[in-house]
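Data first, discussion second: the structure below is written as structure tokens.
In my numbering, the protein residues as written are 71 to 383.
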């Protein structure tokens with residue numbers, strides 16, 4: 071038996087042990103919360119942002135539901151905890167429900183389960199970027215009440231710019247899509263929009279010449295691997311299936327650009343508006359967007375099917 075074979079076997083066994091140890095840590099975190107809050111529903115989310123968005127959605131669906139949020143710092147951690155809870159011989163899964171983003175990898179190899187809700191969009195952030203959300207901000211935070219023609223002009227201009235943004239970031243999304251579908255290592259995805267795109271109130275443009283410098287992978291995909299995947303990517307609904315964090319950050323920054331225009335003496339949009347009050351930019355938050363956004367398809371049914379625990383009956 072070769073030394074290399076032994077080393078590879080040891081490495082494999084160590085990776086299995088590390089995964090089991092990590093799952094045990096996740097289980098202990100859930101057990102601790104359930105112990106501190108006996109009889110309480112536990113809703114497990116990917117992260118803090120999801121916790122905030124789902125709070126607003128769930129509160130609109132059912133104001134009477136009481137649950138403890140448990141953010142897990144990542145989709146795979148949520149799904150690993152879920153599978154560990156399913157395998158548990160006790161009642162660890164009882165009263166625990168999981169919420170994940172679809173992303174580009176759907177169930178990420180873990181499989182569907184009745185305890186788990188998955189978005190139809192790439193992530194929760196995609197639902198926040200919409201004409202309806204913008205319209206409500208214009209009425210309230212930008213004081214365009216009674217000015218429907220002005221509101222629709224701004225919404226039309228934003229919609230065009232947003233479509234331009236999605237076009238300018240197509241290559242970035244395509245590269246991430248291929249990485250996820252082919253199992254390529256693309257761990258250090260660009261998080262700041264400014265690394266690959268720049269925009270203002272009325273224009274947007276990409277900042278890179280070669281996409282390989284923006285989304286770096288451990289190996290370049292072979293052309294024979296990507297034929298069908300290219301067709302699948304082209305069929306995606308861009309506003310709902312492109313990376314949600316980028317969409318949300320674009321919308322948030324654009325709204326603040328609109329706030330600058332509101333306060334400008336040479337405003338593009340608001341020169342004819344009686345601007346006795348400042349635009350309330352501090353009210354534009356992740357939570358306020360979620361409170362105005364459409365609720366994902368299927369979420370109301372999922373919440374309605376959550377069985378009440380004894381202390382909530």
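Cβ coordinates follow ideal geometry from the N, Cα and C atoms, glycine included.
Bear in mind that the values here come from a model prediction, so they are computed numbers and not experimental data.
Check the C-beta distance from residue i over to residue j and give it rounded, since I have them as a contact under 8 Å.
i, j, result
"residue 199", "residue 317", "5 Å"
"residue 331", "residue 338", "5 Å"
"residue 291", "residue 254", "7 Å"
"residue 347", "residue 213", "6 Å"
"residue 201", "residue 229", "6 Å"
I'd like to check one pair, residue j with residue i: are the Cβ atoms closer than 9 Å?
i, j, result
"residue 163", "residue 185", "yes"
"residue 170", "residue 188", "yes"
"residue 138", "residue 96", "no"
"residue 196", "residue 310", "yes"
"residue 168", "residue 103", "no"
"residue 440", "residue 211", "Nothing about residue 440 can be reported from this structure: the residues present for the chain run from 71 to 383 only."
"residue 263", "residue 319", "yes"
"residue 180", "residue 159", "no"
"residue 236", "residue 124", "no"
"residue 265", "residue 284", "yes"
"residue 328", "residue 224", "yes"
"residue 377", "residue 165", "yes"
"residue 251", "residue 208", "no"
"residue 94", "residue 182", "no"
"residue 342", "residue 272", "no"
"residue 148", "residue 116", "yes"
How about residue i: is its C-beta nearer than 9 Å to some C-beta of chain E?
i, result
"residue 142", "Judged by its chain identifiers, the structure shown contains no chain E, having just a single protein chain."
Residues in its own chain within less than 7 Å of residue i by CB, not counting five upstream and five downstream?
i, result
"residue 367", "190"
"residue 161", "none"
"residue 118", "141"
"residue 268", "275, 277"
"residue 326", "351"
"residue 126", "357, 360, 361"
"residue 363", "197, 198, 200, 203"
"residue 296", "248"
"residue 172", "188, 189, 190, 191, 192"
"residue 146", "178"
"residue 270", "327"
"residue 243", "312, 313"
Whose C-beta lies closer than 8 Å to the C-beta of residue i among residues of the same chain, with five residues either side of it excluded?
i, result
"residue 92", "150"
"residue 373", "128, 131, 132, 135"
"residue 176", "188"
"residue 349", "211, 212, 213, 328, 329, 332, 333"
Leaving aside the five residues before and after residue i along the sequence, list all residues of the same chain whose C-beta is less than 6 Å from its C-beta, in chain order.
i, result
"residue 324", "none"
"residue 281", "241, 245"
"residue 314", "192, 193, 195, 196"
"residue 85", "For residue 85, the pLDDT reaches just 47, beneath the cut-off of 50, and the residue's location in the model is therefore unreliable, although a value from the coordinates is still provided. Contacts found: none."
"residue 321", "199"
"residue 120", "194"
"residue 107", "138"
(Q) If we require 3 or more residues per run, which beta strand (DSSP E) segments fall completely within the stretch 135-220? (A) Fully enclosed beta strand (DSSP E) runs of no fewer than 3 residues occupy 137-141, 166-170, 186-188 of the stretch 135-220, in order along the chain.
Q: Would you mind listing the alpha helix (DSSP H) stretches within the stretch 232-296 that are 4+ residues and don't spill past its ends, in chain order?
A: Counting only runs of 4 or more, we get 240-252.
Q.
Three or more C-beta pairs under 8 Å: does that hold for the stretch 295-313 against the stretch 239-256?
A. A contact exists between the stretch 295-313 and the stretch 239-256.
Q: Please specify which runs of the beta strand (DSSP E), each continuous and at least 3 residues long, are wholly inside the stretch 87-137, giving them in chain order.
A: With a minimum length of 3 residues, the unbroken runs of beta strand (DSSP E) contained wholly in the stretch 87-137 fall at 111-115.
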